[in-house]
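K.L.:
Protein chains in written order, with full-length UniProt numbering: chain A, 1 to 632; chain B, 1 to 632.
Number of protein chains: 2
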Amino acid sequence: MQFHHHGYVSGDPSVQPPAGTGVDRPDELPDVVDVLIVGSGPAGMVAAAQLAQFPDVTTRLVERRGGRLEIGQADGIQARSVETFQAFGFAERIVAEAYRITEMAFWKPDPENVAHIVRAARPVDDPSGVSEFPHLIVNQARVLDYFAEAAANAPTRLRPDYGWEFVGLQVEDSGTHPVVVTLEGCAGEHDGVRRTVRARYVVGADGARSGVRAAIGAQHMGSPANHAWGVMDVLAVTDFPDIRTKCSIQSEAGNILLIPREGGYLFRMYVDLGEVPTGDNHAVRATTIDQIIAKANEILTPYTLDVKDVAWHSVYEVGHRLTDRFDDVPTREAGTRTPRVFITGDACHTHSAKAGQGMNVSMQDGFNIGWKLGHVLDGRAPESLLATYSAERHVVAKDLIDFDREWSTMMAKKPEEFDSPSELEDFYVRTAEFPAGFMTEYQPSMIVGPATHQRLATGFPVGKRFRSAPVVRVADANPVHLGHHHRADGRWRIYAFADAPAPGQPSALERWAEWVATSPRSPLAATPDGLDPDAWFDVKVVYQQDHTAVDVGRVPQAFLPRVGPFELVDYEKVYAAGTSEEVPDDVFDLRGLDRGGVVVVVRPDQYVAHVLPLDATEELGEFFEGALRAGS
Amino acid sequence: MQFHHHGYVSGDPSVQPPAGTGVDRPDELPDVVDVLIVGSGPAGMVAAAQLAQFPDVTTRLVERRGGRLEIGQADGIQARSVETFQAFGFAERIVAEAYRITEMAFWKPDPENVAHIVRAARPVDDPSGVSEFPHLIVNQARVLDYFAEAAANAPTRLRPDYGWEFVGLQVEDSGTHPVVVTLEGCAGEHDGVRRTVRARYVVGADGARSGVRAAIGAQHMGSPANHAWGVMDVLAVTDFPDIRTKCSIQSEAGNILLIPREGGYLFRMYVDLGEVPTGDNHAVRATTIDQIIAKANEILTPYTLDVKDVAWHSVYEVGHRLTDRFDDVPTREAGTRTPRVFITGDACHTHSAKAGQGMNVSMQDGFNIGWKLGHVLDGRAPESLLATYSAERHVVAKDLIDFDREWSTMMAKKPEEFDSPSELEDFYVRTAEFPAGFMTEYQPSMIVGPATHQRLATGFPVGKRFRSAPVVRVADANPVHLGHHHRADGRWRIYAFADAPAPGQPSALERWAEWVATSPRSPLAATPDGLDPDAWFDVKVVYQQDHTAVDVGRVPQAFLPRVGPFELVDYEKVYAAGTSEEVPDDVFDLRGLDRGGVVVVVRPDQYVAHVLPLDATEELGEFFEGALRAGS
Ligand SMILES: Cc1cc2nc3c(=O)[nH]c(=O)nc-3n(C[C@H](O)[C@H](O)[C@H](O)COP(=O)(O)OP(=O)(O)OC[C@H]3O[C@@H](n4cnc5c(N)ncnc54)[C@H](O)[C@@H]3O)c2cc1C
Ligand SMILES: Cc1cc2nc3c(=O)[nH]c(=O)nc-3n(C[C@H](O)[C@H](O)[C@H](O)COP(=O)(O)OP(=O)(O)OC[C@H]3O[C@@H](n4cnc5c(N)ncnc54)[C@H](O)[C@@H]3O)c2cc1C
């Protein structure tokens, strides 16, 4: 965490100093805003927390509920989401509070007595060690709390405007704020009040029954059938031995997905209620908690479940649905005009709860649209950037729905229908990277370069999220995770992995550093006067030498920018490979980095945008001409 | 973190539900309290945060300042203190915010040109890996903030009463609240108001010029001379390459101790101003910041220091002083009456800032007296327990002063006075365990058993702090640090390390578990009706088997207590040794535990109280008869 460079901070350093629109932010919803977000679920809150980092952008978030979410909804947190929490500054805290999944147990009918269940397997979760972060379970309400705190502590002091319902919107043909949104107050003082807010852009994060989706005429398509689950968060006494382990339980009487929860006592059970017939007319929703508990007891035989307290329960009915496009530009008009309205999360994709994806994928939607709007609105990027949102996230949603269909079909199978006794757990282990959130791979675009030079950095695949690795920070000899310095501050990261010579020796790295700091074709040249030199681009170097062999006094100035009103030296951009107890591997080996040096460009949302040799400055300059306003 | 067992908690689980005196805690300072703490420095705040965990005890803390500390004072946090933060629930957060020391650099006059300094050595800090926690630097103000938060979130909702100055006290001969304290308001509404508060006990944590110390007539003794340091917390630009590394800098022009600070930019310099002559009359305090900066520049030659902003500076003048006793019972009356007034921290011991001990040792004082007062006041322990505070902490303070005298003499030496060129850094490395806080070793008493059976657990020396180790929690297969479940909740911990048989097999462990759960001689028998069975004693088991070989269904009930209003099973007391990537060593090997099983008893302040074989139930029962009220 870096602070004090604008002067001494006496209190909590995670509360950033207010800036820009955060200095005199009105409590009341204004008539005109830059971005209006509808809905404070995971998608909306992440978009808000990200936009809150842009001082010059006025963002408001309207939410129908009168206040924070208190209970229920999703609870599965994939490792990719924990990485995201890290970027927003609260990973340690939520990890300390959450349940951590390390194994998953599979229970099946006992071949000796099919009326009884028996443990068939317990593979480890995340067998591939795909992230340094764990797979967690914690109530969605707490995830939203942490994002709300991050947004409130950000420079623009963003807080949701609770008690406002989205009624409709119109996109006008011209004007600076062409989206006219109608809202109706539904809580507190403004209950029943109708009003209009004009916005440059609107983000619809209003869930599965999205009004924003309807307003932009997007097609929500998918299987007509829903699948229903009786879901309950309960405190209970049981003799089922794996009650604190994530379990898939398949018995002659039906299926349960058991999710232990935070705090050591609570757990969730999804009791399968089957496909909902088309003419059901929501009859399945009448299933009572007593019926769900009775069914659970049946499935768990010979074990019993004595429920003492029900914290929450619901019949969660969901189908596989995908919206044709995630913005207001009809496919045939793509490229001809700028999207003004975006839909995110459940508003554009839904699927079963089985793979625990809903909240996670929604957060990545919010992260993706958040920085893009920020960049366009503060003048960093051309408007054309906004079309990449729908293009990138639609593919992810489609892959997810395909995966989830496969997974839930698998889990709904009767024991006798499996090809092999271990088919289910084999599938689970084989596909672990997908539900962990790491299969997203963005295609080349104005913000993802071609993978031409991928062989220089095989461990940083272009288009996939930058996978962190431990290194040593030179100035203070601290072992640190390189990627953990990537905060959700809207900045691009450029990592220069050095060639062999030490600082001060002539090298490709020295030449690159000179170019990046001084060339008019360097992306840094776009940084407006008056901002810190690293305000838009965070340029770091990683030397191959042990940290004791890196003399900070000889490191190029490009990696030691002078920041803040006192023009202090930022020493936290210079790293060394080198190994120790806490840095078990050399990052060059660990990530397959060429010893001749390599430049890795990372997007504000942590995806690898480009891999280039140190001498490919032309290519680097060109790439950023596309991603920066200059190129629009 | 365990929660939800009293029903679903929607918000932040680190905010404990209010209980006892916390339910209707008056904002105004009451006339009668159980414990009155004077001073909100590290000693007072830790005592307060600990006592805040005892629902039936009314504790108030008065502080002369009008509000929180904002700046300055100490900043060195030894690993033992971070362990303590862990027990109070905020280690992760403060680690994320603090500067971490990994190396210390020693600079000396360049033999080639003695007017210039040159780096002579950079040994690693904590070379012995004595704790899983790091050595940190962070402003004292932030440490106090975190303890204040812990106290406010504890069941009794303790908040300091700011703006009250201690004026004097009288200890009466009889009565339930014999300590009569006179206070004077010195801020806000009660400015100038004099009042009296009656207390059962008073903790003087009012710093080096302690009024409480004076009131109990304790002798504050030590060298007449003070040593003075010009201290400054500054933002500066410099070409000194180790500015982000802890350094001891010795030059012909004088000495500097350089401490990089949290946030990446700020640092502290202690510029040696030498011994203060007896007749100085505080003339040294007139040293200006400009003089300190000028002196620093002289010492740093050939490097320069361009100070841009001074966050804080002070002339810190301190001598080696130790009070003869830490409570109000004169030595000749020891054992004849119960102490009523205690002094802690700088009130009873002061020493140089060089070894960075002041804040740390003070916190351990507060931790020590806190739980003891809690136990006596809620009826768990006899009053005789209170005499152990002075007995235990006086020795620690004396050792500290001896160590510090040696260390500061060493650091004040002129380069030519050293016996060998590396004498200073050798001393630093050789004695690392002391300043890290791990040399404290309490002697046998009513709360520390004899070390008769030490060979059964060589890695848990009796009287020293329990050194945590990674194990696997059986119920959820989570790798966890055994010691991190030891929260500062006032409970004794009893760890039963099992003999070889698996759960359900006849074993010494099974017999021990039966005894502890049912025998009238078991310490658990003292737990009052109506409380959870683990309210006073947290009894855990660690099996030798891999976690997959431990069947929770067969583990003795002693390790699966039923807790809370719903009588839910607490599954977090059953552990397994077993190794994996995250649990690299088997705890039996790592801590030298006898494979025939061993019981390790740990005090509420994390010190090992006893090591016993599983069959020594008689001895265990007897030990607790001494420590519990029953034995008084
Ligand atoms: C009742 C319920 C139960 C669920 N249970 C599970 C579960 O058991 N397991 C699981 O994995 N997933 C579950 N989900 C799905 C999971 O919560 C979602 O996948 C995830 O929250 C998607 O995030 P989102 O931000 O897209 O939408 P949501 O979290 O649905 O957030 C949408 C927000 O928009 C607000 N909103 C809606 N319409 C308007 C409007 N017109 N004006 C203003 N605000 C509006 C809503 O109040 C809500 O706060 C559940 C969802 C719901 C609604
Ligand atoms: C000005 C100052 C500078 C210091 N600088 C350094 C340093 O550079 N390096 C270092 O290692 N250590 C330094 N120390 C010492 C370090 O802060 C102490 O060792 C540590 O704080 C001891 O903790 P404590 O709780 O015993 O006492 P303190 O932290 O001194 O706390 C005592 C508290 O009691 C309050 N108090 C005092 N008298 C009364 C009264 N009559 N009524 C009510 N409240 C009262 C005070 O306001 C204070 O908050 C400094 C201390 C001070 C006071």
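Idealized CB from N, CA, C, for every residue including glycine. None of these values were measured; they are calculated from a predicted model.
Does the segment 392–402 of chain B come into contact with the segment 74–93 of chain B, if we say contact requires no fewer than three beta-carbon pairs (one atom in each stretch) closer than 8 Å?
P.N.:
Short answer: they don't touch.
K.L.:
With a Cβ-Cβ cutoff of 8 Å, do A/Arg340 and A/Val179 count as a contact?
P.N.:
For A/Arg340 and A/Val179, yes; Cβs fall inside 8 Å.
K.L.:
Out of A/Val143, A/Asp529, A/His135, state which residue places its alpha-carbon closest to the alpha-carbon of A/Met363.
P.N.:
The shortest Cα separation from A/Met363 among A/Val143, A/Asp529, A/His135 belongs to A/Val143.
K.L.:
Using 7 Å as the cut-off, classify the Cβ of B/Gly345 as near or not near the heavy atoms of ligand 2, replying yes or no.
P.N.:
Yes, Cβ of B/Gly345 sits closer than 7 Å to a heavy atom of ligand 2.
K.L.:
Does the beta-carbon of A/Leu61 have 16 or more other beta-carbons within 10 angstroms, so that it is buried, or is it exposed?
P.N.:
Its Cβ being crowded by 16 or more others within 10 Å, A/Leu61 is buried.
K.L.:
For B/Ser632, would you say it is in contact with chain A, using Cβ-to-Cβ distances shorter than 8 Å as the test?
P.N.:
At B/Ser632 the pLDDT is 40, less than 50, meaning the model places this residue with poor confidence; the figure from the coordinates comes in the next sentence. So, not an interface residue.
K.L.:
For A/Val539, which beta-bridge partners are listed by DSSP?
P.N.:
According to DSSP, which records beta bridges pairwise, A/Val539 is partnered with A/Ile494.
K.L.:
Could you give the first and the last residue of the continuous alpha helix (DSSP H) run that contains B/Gly370?
P.N.:
Element bounds for B/Gly370: 358–377.
K.L.:
Excluding the 5 residues flanking A/Thr196 on each side, which residues of the same chain have their C-beta closer than 8 Å to its C-beta?
P.N.:
Cβ within range, chain order: Asp31, Val180, Val181, Thr182, Leu183.
K.L.:
Cβ of A/Tyr316 versus every heavy atom of ligand 1: is any distance shorter than 7 Å?
P.N.:
Yes, the Cβ of A/Tyr316 comes within 7 Å of a heavy atom of ligand 1.
K.L.:
Establish whether the CB of B/Glu567 and some CB of chain A are separated by less than 8 Å.
P.N.:
Yes - at least one Cβ of chain A is within 8 Å of the one on B/Glu567.
K.L.:
What residue range does the alpha helix (DSSP H) around B/Asp399 cover?
P.N.:
Run containing B/Asp399: 387–412, per the alpha helix (DSSP H) assignment.
K.L.:
A/Asn113 touches chain E at which residues, Cβ-Cβ below 9 Å?
P.N.:
Absent from the structure: chain E. Protein chains present are A and B.
K.L.:
Should B/Asp328 be labelled buried (16 or more other beta-carbon atoms within 10 Å of its own) or exposed?
P.N.:
Label assigned to B/Asp328: buried.
K.L.:
Taking the continuous alpha helix (DSSP H) assigned at B/Thr84, which residues delimit it?
P.N.:
It spans 79–87 - the alpha helix (DSSP H) in which B/Thr84 sits, taken as one unbroken run.
K.L.:
Quick one: using the 10 Å Cβ neighbour count with 16 as the cut-off for buried, is B/Pro302 buried or exposed?
P.N.:
Per the 10 Å Cβ criterion, exposed.
K.L.:
Any C-beta of chain B sitting closer than 8 Å to the C-beta of A/Lys308?
P.N.:
A/Lys308 counts as touching chain B.
K.L.:
Say the cut is 7 Å; is the CB of B/Met359 nearer than that to a heavy atom of ligand 2?
P.N.:
Checking the Cβ of B/Met359 against ligand 2 gives yes.
K.L.:
Does DSSP classify A/His177 as helix, strand or coil?
P.N.:
Coil.
K.L.:
Please report the residue range of the beta strand (DSSP E) in which B/Thr323 lies.
P.N.:
B/Thr323 -> beta strand (DSSP E) spans 321–323.
K.L.:
Should B/Val276 and B/Glu317 be called a contact, given that it needs their Cβ atoms to be closer than 8 Å?
P.N.:
Contact flag set, yes.
K.L.:
Using a threshold of 8 Å, state whether the C-beta atoms of A/Arg93 and B/Glu97 are closer than that.
P.N.:
It is not a contact, given that the beta carbons lie outside the stated cut-off.
K.L.:
Should A/Gln53 and A/Gly490 be called a contact, given that it needs their Cβ atoms to be closer than 8 Å?
P.N.:
Yes, the Cβ-Cβ distance between A/Gln53 and A/Gly490 is below 8 Å.
K.L.:
Of the residues that make up the segment 244–267 of chain B, which ones have a beta carbon closer than 8 Å to any beta carbon in chain A?
P.N.:
Result list: Arg244, Thr245, Pro260, Arg261, Glu262, Gly263, Gly264, Tyr265, Leu266.
K.L.:
Out of B/His349, B/Val138, B/Lys295, B/Arg65, which one is the CA nearest neighbour of B/Asp365?
P.N.:
For B/Asp365, the nearest C-alpha among the options comes from B/His349.
K.L.:
Rounded to whole angstroms, what's the CA-CA distance from B/Val555 to A/Ile401? Just pull it up for me.
P.N.:
Answer to the nearest angstrom: the Cα atoms are 43 Å apart.
K.L.:
Which whole-angstrom value describes the C-beta separation of A/Leu614 and A/Val602, a residue pair presumed to lie in contact below a C-beta threshold of 8 Å?
P.N.:
Not confirmed; about 16 Å, so no contact.
K.L.:
Under the criterion of a Cβ to heavy atom distance below 7 Å, does B/Pro42 qualify as lining ligand 2?
P.N.:
Within the cutoff, so yes.
K.L.:
Which word fits A/Asn368, buried or exposed, when buried means at least 16 other C-beta atoms lie within 10 angstroms of its C-beta?
P.N.:
Buried.
K.L.:
So what does DSSP say about B/His484, is it helix, strand or coil?
P.N.:
Note: B/His484 maps to helix in three-state DSSP.
K.L.:
Using only the heavy atoms of ligand 2, determine whether one of them is closer than 7 Å to the beta carbon of B/Gly356.
P.N.:
Yes, ligand 2 has a heavy atom inside 7 Å of this Cβ.
K.L.:
To the nearest angstrom, how far is it from the Cα of B/Asp125 to the Cα of B/Ala496?
P.N.:
Using only the alpha carbons, I get a separation of about 34 Å.
K.L.:
Taking the beta strand (DSSP E) that A/Asp34 belongs to, which residues open and close that run?
P.N.:
Element bounds for A/Asp34: 32–38.
K.L.:
If B/Gln50 sits next to B/Trp371, beta carbons under 8 Å apart, how far is it from one beta carbon to the other, in whole angstroms?
P.N.:
The Cβ separation is near 6 Å, so the contact holds.
K.L.:
When DSSP labels each residue in this structure, what does A/His349 get in the three-state scheme?
P.N.:
Looking at A/His349 - three-state DSSP - the assignment turns out to be strand.
K.L.:
I want to see whether chain B comes within less than 8 Å of A/Met1, judged by CB atoms only; does it?
P.N.:
Taking Cβ atoms only, chain B reaches closer than 8 Å to A/Met1, which makes this a yes.
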